[in-house]
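Working notes, beginning with the structure itself.
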Amino acid sequence: MEPVGCVLHIKFPLSSELLFVVIVLVHFPAQFTVIGPHDPVTAILGQEAVLPCHLSPRMSAANMEVRWFRSEYLSIVHLYRAKDQYDGQMPQYQGRTELLKAGLTDGNVSLRILNIRRSDEGQYHCFVQDDTFYEETVLELRVAGHLQALFFPIITTVTPSTFILEKIFVRKVRPVGDVTSSFYSFFNMAGIPLFQARFPAQFVEKYRYQNGVQYHVI
């Protein structure tokens, strides 16, 4: 008897072939952490502030969604999806926000806010999404006013950058004109730091002239 030959034909169902293609083409979203500062960001009333935020590990966020919002997801401060999206932005932030795109390809998604207002103070969410994966961080913005200090003697210079004050009274004032200002450090008589503040030069010069105060710019 001659051997009987047989040919085995195996056919994959069409659905299996399609499934294979889908698996090959599937997109796995990037895995990252969104990082912001632990300490509050302090801004001066009427000036600008940058809210720092970046991805770790460093990767491009140019094709991701970057959403800055306040307490609610839809309370949009700034939205970026391949380009800036202004639909839905809260009216009080219109014309005052800018995503710093120069660092987007390195994962820098920091936001600049112009002309800081009192109402800007509070928490901000930095939310970044790539496909189905997303992460966020929360940071706090504090708004400080311009300060004018009225001193009562005795003031003694102890280093090129500090004072010792016997008494100090501080009140908030509006800036007068476009004046140059400098930061100063203030200490009490025990040498304990009180605060650092920016003072318009004309205020300090005026007080120096009237009271013979010696001071040094930081």
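Just so we're aligned: 36 in full-length UniProt numbering is position 36 of the sequence shown, and the numbers increase by one with no gaps anywhere. For every residue, glycine included, the Cβ atom is placed at its ideal position computed from N, Cα and C.
Setting aside the 5 residues that flank it on each side, ARG70 is surrounded in the same chain by VAL77, MET90, GLY122, GLN123, TYR124 and HIS125, each with a C-beta closer than 8 angstroms to its C-beta; the list follows chain order. If you draw a straight line from the Cα of VAL34 to the Cα of SER60, it is about 13 angstroms long. Pairing ALA144 with LEU45 gives a Cβ-Cβ distance under 8 angstroms. If the five residues before and after VAL66 are omitted, its C-beta is found closer than 6 angstroms to the C-beta atoms of TYR80, VAL109 and VAL128, all from its own chain and listed in chain order. With 16 or more other Cβ atoms from the protein chains shown falling within 10 Å of its own Cβ, THR97 counts as buried. In the structure shown, LEU100 falls within a coil segment according to DSSP collapsed to helix, strand and coil. Look at ASP120 here: in three-state DSSP terms it is helix.
For VAL66, the enclosing beta strand (DSSP E) stretches over residues 65 to 69. In this structure, DSSP gives ASP130 an extended state, which the three-state scheme calls strand. Sequence-distant Cβ neighbours of VAL41 in its own chain, meaning closer than 8 angstroms and more than five residues away, are ALA49, VAL50, LEU51, PRO52, LEU139, GLU140, LEU141 and ARG142.
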